[in-house]
Structures are given as structure tokens and as C-alpha cells.
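Down below is the structure, laid out as C-alpha cells.
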Amino acid sequence: MVGVGDKFPDANLHDQFPPDFKVPGYLAGQDKLKAAGIDEVLVYCVDNAAVMSAWAVDQKIAGSNISFLGDPNSELTSALGMTLTNPGPVGKLGPNRCKRFAMYCDDGVIKVIQVSENKGGADDPAGDDFPEDSCIDNMLKLISEL
1 MVGVGDKFPD
11 ANLHDQFPPD
21 FKVPGYLAGQ
31 DKLKAAGIDE
41 VLVYCVDNAA
51 VMSAWAVDQK
61 IAGSNISFLG
71 DPNSELTSAL
81 GMTLTNPGPV
91 GKLGPNRCKR
101 FAMYCDDGVI
111 KVIQVSENKG
121 GADDPAGDDF
131 PEDSCIDNML
141 KLISEL
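Here you go:
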């Protein structure tokens, strides 16, 4: 514990979410989603409601069929088996982070699930550099094949 007279500890703190973490095309593709019978898109990450609300405002989803939800205790992430365990992101973001994925459910049954992961040995354990598998075009294609 620090006390009066101690030097302030040197630490890296994050004051906001990175601006390059965007909702990949789902907002622009709302009409396609509705045409495919998709009522709502839920975006969640292992974070608190305040951060998710700020992210939703930043992404300008008001009036859309997209909702942002927080999973601060990683309960849903763990239940889905989507916990990111690679030491790279975990070392930077902390434990119990979630993999990048998209899932289509119908009446509570998972019909399609796609995880964005590194391709060909790339150093991208979170799938951030290769999000194609979980993007709207791939998901709509897989849903249409059901």
C-alpha cells in the first residue's frame, strides 16, 4: 500500500477503448440482417456497462437493431468456452478476455458459430487482424446455407 511521501507508482492505465475496435459492418448491414430474419444483434465483451454504453454511443447504434452488453465477470464468455488464454492479449488486457466471434441462435439454439483466429501462424491470437470469419458477410452466407 502506498503512503504519504511515497513516489506515485509507474503504471500503464487505459482511459478509453481503442477507437479501432469497431462493429464490423453489422450497423451498415442492418437491412440484410432483417431480410435474413435476424431480429437483433448483441455485441458484448468482458467489460462493464459504463464502457459498453460509451462504446455504443461511439459506434452510433442508437435506433438500430444492435445492443451492447457487458460481461464484467466473464460468465457468458466462460459458459461459451470463448475465454482467450493466449499470454499476449491476456498480458495486455488482463485475464478472462473473450475471443472475437459471431454466433447465430434461433429460439435459444446455436445454429452457427464462427471464431476469428490467427491464420497461418500469424501473431494474432485474438483474431483482430483476421476478423473475416465473424464479419457480417460470412455470417449471412452461413445462415443462408442452413
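Residues in the sequence shown are numbered consecutively from 1, following the UniProt record's numbering.
C-beta atoms are modelled at their ideal positions from N, C-alpha and C, and glycine is treated no differently.
Just so you know, these numbers come straight off a predicted model, no measurement behind them.
Asked, Found
"How long is the line joining the alpha carbons of Gly81 and Ala35, rounded to whole angstroms?", "30 Å"
"By the 10 Å Cβ neighbour count, where 16 or more other Cβ atoms means buried, how is Leu42 classified, buried or exposed?", "exposed"
"Count the other CB atoms within 10 Å of the CB of Ser144; is the residue buried (16 or more) or exposed (fewer)?", "exposed"
"Determine the DSSP secondary structure at Asp31, reduced to helix, strand or coil.", "helix"
"Return the CA-CA distance between Leu76 and Tyr44, expressed in angstroms with no decimal places.", "9 Å"
"How about Cys98 and Thr83: do their beta carbons lie closer than 8 Å?", "yes"
"Is DSSP giving Gln16 helix, strand or coil here?", "Because the pLDDT of Gln16 is 46, which lies under 50, any placement of that residue in the model is unreliable, and the number read from its coordinates should be weighed accordingly. Looking at Gln16 - three-state DSSP - the assignment turns out to be coil, as it is neither helix nor strand."
"Between the Cα of Val115 and the Cα atoms of Glu132, Ser78, Asp107, Cys105, which residue gives the shortest distance?", "Glu132"
"If you follow the alpha helix (DSSP H) that Ser144 is part of, which residue opens it and which one closes it?", "136-144"
"Report the rounded CA-to-CA distance for Asp58 versus Val23, giving the unit in angstroms.", "10 Å"
"Just to confirm my understanding: we take Ala56, look at its own chain, exclude 5 residues before and 5 after, and list those with CB closer than 6 Å. What are they?", "Phe68"
"Distance check for Asn73 and Ala49, CA to CA, integer angstroms please.", "11 Å"
"Measuring only the C-alpha atoms, how far is Asp137 from Ser78?", "27 Å"
"Between Asn96, Glu40, Ile113, Lys32, which has its C-alpha nearest Gly63's C-alpha?", "Glu40"
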